[in-house]
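Heads up, the thing below is written out as structure tokens.
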Amino acid sequence: MRFDLVVVGAGPAGCAAAYVASLRGLKVLLVEKHSIPRHKTCGGGVPASIGKYLPGLRLPDHLALPVSDMRHSWRFEDSVVASMHDPEQPPPLWSVRRSDFDAALASAAHAAGAVVVDGVTVRNVEIGKRAVTLSGTVSASGQAWRAEGDFVVGADGATGPVAHRLGIVPPRRAAIAAEIEVPTVSDSASPATFHLEYGVIRNGYAWAFPKRDHLNVGAGFFGTAQEARGPQTRDLILSAISTFTAVLDLGLEASGCRSHFHPVPIWERAGPRHHPSKRVLLAGDAACLVNPLSGDGILNAIRSGALAALCIAEGEPGTYSRRLHQEIGRDLDAAARIARIFYAFPDVCFKMGIARPTATRTAARLLTGELRYTEIVRRAIGRLLPAVKRLAVSGGQ
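In structure tokens:
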């Protein structure tokens, strides 16, 4: 099989690349390791603004739950509930189950013209003079599988083979998160509210995101790579989730729920996100585009996949890394500057930042890409640093 573009990984980044490239007239193959739909550990908060990068995309109405409010709290106290948007405007965020959302994106890519093949594990990537050859196995039968493409987009996640086989693994900070899906949602969890909990886990936060038929409760740790790999961190995350379910009065419903851990490839710094041959480009988690402050990666995954497709379709794949840094990386650099203060002094940042009346709408604008971190970083740090210094002078009292 020979294609203009082979996309490895049918998550948001891979589906976006396949969708946009197909719309541009390229012959596209989208390859997924697991059977579609497949489970994906993720809170599932999706900005409604993704349509900006996926022109003409229409998702089923039942797929996404519109979310209008955020509830922030510090160690399950001092809660602040605020709207994310003007009531006259549609909610800026959706809450989705990733298995359904990713399957819908793959279906959209197929409808746009892409060939979608699931249940295939890509094991080797070889760059030749005229094409990139991918080989692997069909999961169900164990039979050998092979395809060729003029270009490849590696969107196969933080541990995917494309970047590792070619030695173009981007710089990253390793983090870890876990979640459970509780099928019965009590009245304490508003169906239109994202719950964010701070202070219950060091260098991270916990969340409770409503879905149409369950509640996704999780926690993430954004510390050092060594800490993220340690069993104590996993215990800390599970303890945070357990406490959160108890506070939400979900103890009985959550007792039999299985926890799912997953690595979180946090953005570290700019660097090559494509192979020197200009034939292989990385997108999404494979490119380590998770926000260092919020832990969000879906919007940047879609943006990077769409950008990779455009660079290839326009005949300029060698500009991808530079354009990626201009459009996404610089913003993540600014988010990282705020994150260093936020996670070092979360109590001060909660009081001086999150609890402010305007903070929730600002957060929503950042999550949707309407507002860039580069536009607020100086103002945010200028507000937080004096409070942190006062705390240091007073000895933390």
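Everything in the sequence shown is counted per this note's numbering, starting at 229 for the first residue and increasing by one. Built from N, CA and C at the ideal position, the CB exists for glycine as well. Quick caveat: nothing in here was measured; it's all calculated off a predicted structure.
Per DSSP, the continuous beta strand (DSSP E) segment holding isoleucine 494 begins and ends at 488 to 495. Judged by DSSP secondary structure, histidine 300 falls within the beta strand (DSSP E) whose first and last residues are 297 to 302. Bounds of the beta strand (DSSP E) holding phenylalanine 449 are 443 to 449.
DSSP lists no bridge partner for histidine 338. For the pair leucine 535 and leucine 552, the CB atoms are nearer than the 8 Å cut-off.
Beta-carbon to beta-carbon, lysine 261 and serine 327 are separated by about 14 Å, too far to satisfy the 8 Å threshold. For the pair leucine 527 and glycine 597, the CB atoms are nearer than the 8 Å cut-off.
With a contact defined as Cβ atoms closer than 8 Å, glycine 388 and glycine 237 qualify at about 6 Å.
Close CB contacts of alanine 453 within its chain, under the 6 Å cut and outside five residues either way in sequence, are with Ala402 (chain order). Note that the C-beta distance between proline 411 and leucine 333 is not below 8 Å. Look at proline 614 here: in three-state DSSP terms it is helix. Taking 4 residues as the shortest admissible run, the region 340 to 407 contains the following complete alpha helix (DSSP H) segments, listed from N- to C-terminal end: 389 to 394.
Straight-line measurement puts the Cα of aspartate 384 at about 15 Å from the Cα of valine 344. Our two residues, histidine 442 and leucine 478, have alpha carbons roughly 11 Å apart in a direct line.
In the three-state scheme derived from DSSP, where H, G and I count as helix and E and B as strand, arginine 230 is classed as strand.
The beta-bridge partner set that DSSP reports for alanine 310 consists of Met298. Under the three-state reduction of DSSP, glutamate 260 is assigned to strand. In this structure, the beta-carbon distance from aspartate 513 to proline 493 falls below 8 Å. If you compare the alpha carbons of Ala456, Arg568, Ala249 and Glu376 with that of alanine 608, the shortest gap goes to Arg568. In the DSSP annotation of this structure, the continuous segment of the beta strand (DSSP E) that includes valine 274 starts and ends at 273 to 275. By a beta-carbon distance limit of 8 Å, phenylalanine 422 contacts phenylalanine 437. Their separation comes to about 6 Å.
By the neighbour-count definition (other C-beta atoms within 10 Å, threshold 16), histidine 503 is a buried residue.
Residue pairing by DSSP puts tyrosine 433 in a beta bridge opposite Tyr426 and Gly448.
DSSP places histidine 502 in the strand class (E or B) of the three-state scheme. Relative to the Cα of alanine 340, the nearest Cα in the group Ala368, Cys243, Val324 and Arg358 belongs to Cys243. According to the DSSP assignment, valine 508 belongs to the beta strand (DSSP E) that extends over 508 to 510. Beta-bridge partners of leucine 466 (DSSP): none assigned.
With 16 or more other Cβ atoms inside 10 Å of its own Cβ, valine 353 counts as buried.
When rounded, the separation of the alpha-carbon atoms in proline 399 and glutamate 316 is 42 Å. Assignment of beta-bridge partners to serine 323 by DSSP yields Gly273 and Leu293. Remark: C-beta atoms of leucine 560 and tryptophan 495 approach each other more closely than 8 Å.
Annotation: the continuous alpha helix (DSSP H) that includes glutamate 455 extends over 453 to 457.
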